[in-house]
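In UniProt numbering, the protein residues as written are 1 to 95.
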């Protein structure tokens with residue numbers, strides 16, 4: 001069950017984890033590691049700081065810090081990441 005927390009502060013540092021549904025190895029299967037890096041680029045352009053991270057095949061851990069951005073981190077979503085590469089549809093077999 002997903003847990004979503006709203007971060008209302010305009011300053012701070014947070015440990016954030018993203019997990020693929022059913023712990024599927026989606027980052028590995030889809031070679032989606034670039035998606036995380038592109039999300040980092042969006043955050044950096046919005047004056048957020050990536051303090052540390054680890055990307056694993058099914059999830060990622062990130063420490064993000066920000067200071068006086070004027071808006072909460074929840075307003076900078078992954079929907080702002082633009083892809084220039086064509087999406088491929090991997091053959092996923094779920095057992």
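Ideal Cβ positions, reconstructed from N, Cα and C, are used throughout, including at glycine.
| Query | Result |
| --- | --- |
| Coarse secondary structure for residue 7, derived from DSSP in three states | coil |
| DSSP state of residue 17 mapped onto helix, strand, coil | strand |
| Contact check, residue 27 vs residue 51, beta carbons under 8 Å | no |
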